[in-house]
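Trainee: Next up is a structure, given as structure tokens.
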Amino acid sequence: MGKEQTSRRKFLQHTAGAATIAGLGRFWPIHHASAQGKADTLAALGGTPVRRGGFTPWPPVRPDIEQSLLEAFRSRRWGRTLQGPMRGAGSVVEFENRFAKLVGAKYCLATGSCTQALHTALHAVGVGAGDEVLVSPCTFIASVQAILMNGALPVFVDVDLETFQMDPAKIEALITPETRAIEPVHIAGLPCDMERIMAIASRRGIPVVEDAAQAHLAKYGDRYCGTFGQIGCFSFQTSKQIACGEGGALVTDDEALAEVCYTFHNMGLGSNGLAAGIGTKYRMHELEAAILLPQLATLPEEIRRRDDNAQYLAQLLEKIPGIIPQKRYPAVTQGGYYLFGLRYLKEAFDDIPRDVFLRALRAEGIPHTTMYFDRLNRQPFIENVLASRSFRRIFSAERLRRYREANHCPNNDLLAEQGVWLPQTVLLGDKRDMEDIAEAFAKIYRLRGQLRRLMKA
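The opening residue of the sequence shown carries number 549 in this note's numbering; numbering runs sequentially from there.
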């Protein structure tokens, strides 16, 4: 360990504590060390939890959603018709039209999942066997599976440690003659640095497919995520900000790309009903769309509430030593906040491992996850695919050797050790709910000396 790290650790442990935490009292109550009883004991060790009640239940169960679903059910038209124009009648087409208008796109195609949307979109921009696609290592497995399903290699662009996003400064060095697309992932619903990414893509003539699975109505400048690249893809899985169990969609302003996507998702049948190429069966069904339609009316206000609460929570948490909220780029005007991200620096908590800290946090009534912090670029499934017969026929042994040697993302490795997410449902409350969350973090910091007892439990 170097001098700089040692000095930082001593500063965090010995000088930041009392003064910083004392200054938090104006935001939420602090139980001083002189007070005795359960308030001065971690909930995981038998103390009183900061929060006993839960947060907003999800997905939403509302009368208007039930009515919309019942009407679609009674119509006996449960699946999208194979006949007629691309935009005919039914819940799916109505949803496509309304969602496209909501995000400011010309065309929308609903699919059975965001994975299907990504697979379709990458196919539409020409990704195929032997190609490469640049993607972030801090994402859900689907972002990478869609690339592999098109016979291409996922080339991982290391993240910016403060924003958790694909670092634009690292893109150019990874572009090769085989690079066929860039797939920025708006992780947690916060936008990537789209100005810099699009400038690189435009200069190099590379299509951009946005993975906006978590970024519903997230805005960079005056535009919504999903509308910067050639195609943007969204998810409506159960936990998302607008949900129907499963489901996805892609949006584009390019009519020709929209038709290619429609054909691919419709078994190779074009919007005129004639076979036009290779295809899958990725159509959304009417019941899913019926569940989604009423949620479009409430989505904008819910996103604004998440955004306001997330910014307030970040202001509170950044006052606690060792807790570093995920940063937004200056051009971000609204976050979608599927998740609230932060980094846990264990040196501020007497070197207590993250998993022990998280046990204490959950006991205080605060839900969390470390999903996506799993070094995706090093997951065994990628090596299994590379070793498969089909990939060995597509890629030479030398090319796969070079790929493996270059597959290093040190910032993402560090983020995998430090990262923590809070689910979007905690952001649907009010300021007092945010103060409860911050109080739980502050309590654990103040009582961090008790955490070692949890390691033995």
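Using N, Cα and C, we set each Cβ at its ideal position, and we do this for glycine too. If you're wondering where the values come from, they're calculated on a predicted model, not measured in any experiment.
Exposed or buried, D981, counting other C-beta atoms within 10 Å across all chains shown (16 or more means buried)?
Mentor: Here residue 981 refers to the residue found at position 433 of the sequence shown. Classification of D981: buried, given that the 10 Å Cβ count is 16 or more.
Trainee: DSSP three-state label for S819, please.
Mentor: Taking the first residue of the sequence shown as position 1, residue 819 is located at position 271. DSSP places S819 in coil when its eight states are reduced to three.
Trainee: Any chance the CB of R599 is under 6 angstroms from a heavy atom of the ligand ZN?
Mentor: As presented, the structure is devoid of all ligands, the ligand ZN included, so that no description of it is given.
Trainee: Roughly how many whole angstroms lie between the Cα atoms of S691 and I985?
Mentor: Position 143 of the sequence shown, counted from the first residue, corresponds to residue 691. Position 437 of the sequence shown, counted from the first residue, corresponds to residue 985. Cα to Cα, S691 sits roughly 31 angstroms from I985.
Trainee: What residues match up with N960 in a beta bridge as DSSP calls it?
Mentor: On the sequence shown, residue 960 is found 412 positions in, with the first residue counted as 1. According to DSSP, which records beta bridges pairwise, N960 is partnered with nothing at all.
Trainee: How far does the beta strand (DSSP E) with R728 in it extend, from its first residue to its last?
Mentor: Position 180 of the sequence shown, counted from the first residue, corresponds to residue 728. Residues 727 to 731.
Trainee: Out of curiosity, what's the CA-to-CA distance linking A908 and P597?
Mentor: Indexing the sequence shown from 1 puts residue 908 at position 360. Indexing the sequence shown from 1 puts residue 597 at position 49. Distance between the alpha carbons of A908 and P597 is about 10 angstroms.
Trainee: Do I871 and L491 have their beta-carbon atoms positioned less than 7 angstroms apart in this structure?
Mentor: The question about residue 491 has no answer here: the residues shown for the chain are numbered 549 through 1005.
Trainee: For the alpha helix (DSSP H) that contains Q859, what are its first and last residues?
Mentor: Start at 1 with the first residue of the sequence shown, and residue 859 comes out as number 311. Here the alpha helix (DSSP H) through Q859 covers 843 to 865.
Trainee: DSSP puts R891 in a beta bridge; with which residues?
Mentor: Residue mapping note: residue 891 aligns to position 343 of the sequence shown, counting from 1. In the DSSP output, where bridge partners are listed per residue, R891 has I872, G967.
Trainee: In three-state terms, what does DSSP make of S623?
Mentor: Along the sequence shown, one-based indexing puts residue 623 at 75. The answer is coil: DSSP assigns S623 none of H, G, I, E or B.
Trainee: Assuming P928 is part of the alpha helix (DSSP H), what are its boundary residues?
Mentor: In the sequence shown, residue 928 corresponds to position 380, counting from 1. Run containing P928: 928 to 934, per the alpha helix (DSSP H) assignment.
Trainee: Count the other CB atoms within 10 Å of the CB of I826; is the residue buried (16 or more) or exposed (fewer)?
Mentor: As a working mapping, residue 826 is identified with position 278 in the sequence shown. Classification for I826: exposed.
Trainee: Given this structure, state the Cα-to-Cα distance separating E720 from P702, to the nearest angstrom.
Mentor: The residue given as residue 720 occupies position 172 in the sequence shown. The residue given as residue 702 occupies position 154 in the sequence shown. Near 15 angstroms, if we compare the C-alpha coordinates of P702 and E720.
Trainee: Which residues in the same chain have their Cβ closer than 6 angstroms to the Cβ of Q843, if we skip the five residues on either side of it in sequence?
Mentor: Within the sequence shown, numbered from 1, the residue matching residue 843 stands at position 295. So the qualifying residues of the chain are I790.
Trainee: In terms of residue numbering, what span does the alpha helix (DSSP H) encompassing F782 cover?
Mentor: The count along the sequence shown starts at 1 and reaches residue 782 at position 234. Taken as a continuous stretch (DSSP letters only), F782 belongs to no alpha helix (DSSP H), being part of the beta strand (DSSP E) at 779 to 783.
Trainee: What does the Cβ neighbour count give for D612, buried or exposed, with the cut at 16 atoms within 10 Å?
Mentor: Taking the first residue of the sequence shown as position 1, residue 612 is located at position 64. It is exposed - the Cβ of D612 has fewer than 16 other Cβ atoms within 10 Å.
Trainee: With 16 as the cutoff for other CB atoms within 10 Å, does D903 come out buried or exposed?
Mentor: Taking the sequence shown and counting its residues from 1, one reaches residue 903 at position 355. Flag for D903 reads exposed.
Trainee: Is G795 helix, strand or coil when you go by DSSP?
Mentor: Position 247 of the sequence shown, counting from 1, holds the residue named residue 795. If DSSP states are grouped into helix, strand and coil, G795 belongs with the strands.
Trainee: For L669, does the three-state DSSP call read helix, strand or coil?
Mentor: What you label residue 669 is simply residue 121 of the sequence shown in a count that begins at 1. Residue identity differs from the one stated: residue 669 is Ala in this sequence, not Leu. A669 falls in the helix class under three-state DSSP.
Trainee: With a threshold of 16 other CB atoms inside 10 Å of the CB of F687, please say whether the residue is buried or exposed.
Mentor: Locating residue 687 in the sequence shown gives position 139, where the first residue counts as 1. The amino acid at residue 687 is misidentified as Phe; the sequence shows Thr. T687 is buried by the Cβ-count criterion.
Trainee: Quick check on A747: buried or exposed, where buried means 16 or more other Cβ atoms within 10 Å of its Cβ?
Mentor: Counted from its first residue, the sequence shown places residue 747 at position 199. Flag for A747 reads exposed.
Trainee: Once the 5 residues before and after F812 are set aside, which same chain residues still bring their CB inside 8 angstroms of it?
Mentor: Sequence index remark: in the sequence shown, residue 812 carries index 264 (1-based). Counting only Cβ-Cβ distances below 8 angstroms, and skipping sequence neighbours, we find T668, H671, A672, G825, I826, G827, T828, Y830.
Trainee: When we look at the beta-carbon of R1016 and count the other beta-carbons within 10 Å, is it buried (16 or more) or exposed?
Mentor: For residue 1016 there is no data in the structure shown, the boundaries of the chain being 549 and 1005.
Trainee: Which value, in whole angstroms, describes the spacing of the CA atoms of A591 and E895?
Mentor: Here residue 591 is taken as the residue at index 43 of the sequence shown, counted from 1. Here residue 895 is taken as the residue at index 347 of the sequence shown, counted from 1. About 22 angstroms.
Trainee: Evaluate G602 with the Cβ neighbour count: other Cβ atoms within 10 Å of its Cβ, from every protein chain shown; 16 or more gives buried, anything less gives exposed.
Mentor: For the purposes of this step, residue 602 is taken as the residue at position 54 of the sequence shown. So G602 ends up on the exposed side.
Trainee: Measuring alpha carbon to alpha carbon, tell me which of P725, L657, G793, I730 ends up nearest F704.
Mentor: To locate residue 704, count along the sequence shown from 1; it is residue 156. Sorting P725, L657, G793, I730 by C-alpha distance to the C-alpha of F704 places I730 at the top.
Trainee: When burial is assigned at 16 or more other CB atoms within 10 Å of the CB, is A583 buried or exposed?
Mentor: As a first step, residue 583 must be located in the sequence shown, where it is residue number 35. Because A583 sits at a pLDDT of 37, beneath the cut-off of 50, its placement in the model cannot be relied upon, and the following sentence gives the value as read from the coordinates. Counting Cβ neighbours within 10 Å, A583 comes out exposed, since fewer than 16 surround it.
Trainee: Taking the alpha carbon of G769 as the point to measure from, which residue in Y877, R646, E866 has its own alpha carbon closest?
Mentor: Position 221 of the sequence shown, counted from the start, is the residue given in the question as residue 769. Out of Y877, R646, E866, Y877 has the C-alpha closest to the C-alpha of G769.
Trainee: Mind checking H734: buried by the 16 CB within 10 Å criterion, or exposed?
Mentor: Numbered from 1 along the sequence shown, position 186 holds the residue referred to as residue 734. The residue in question, H734, is buried, as its Cβ has 16 or more Cβ neighbours within 10 Å.
Trainee: Hey, could you find the ends of the beta strand (DSSP E) Y655 is sitting in?
Mentor: Mapped onto the sequence shown, residue 655 falls at position 107. From DSSP, the beta strand (DSSP E) with Y655 extends over 655 to 659.
Trainee: Who are the near neighbours of R625 in its chain, counting only those whose CB is closer than 7 angstroms to its CB and skipping five residues on each side?
Mentor: Here residue 625 refers to the residue found at position 77 of the sequence shown. Excluding positions up to five away in sequence, the list reads G638, E834.
Trainee: Using 8 angstroms as the threshold, is the region 992 to 1001 in touch with the region 604 to 622, meaning 3 or more CB pairs across them?
Mentor: no
Trainee: Can you find the residues in the same chain that come closer than 6 angstroms, C-beta to C-beta, to M697, ignoring five residues on each side of it along the sequence?
Mentor: Numbered from its first residue, the sequence shown carries residue 697 at position 149. Result list for M697: H667, in chain order.
Trainee: Buried or exposed, going by whether 16 or more other CB atoms sit within 10 Å of the CB of H764?
Mentor: Translated into positions along the sequence shown, residue 764 becomes position 216. Buried.
Trainee: I believe G737 touches G967 by the beta-carbon criterion, under 8 angstroms. Please report the beta-carbon distance rounded to the nearest angstrom.
Mentor: Stepping through the sequence shown from its first residue, residue 737 is reached at position 189. Stepping through the sequence shown from its first residue, residue 967 is reached at position 419. Their Cβ separation, rounded to whole angstroms, is 15 angstroms, which puts G737 and G967 out of contact at 8 angstroms.
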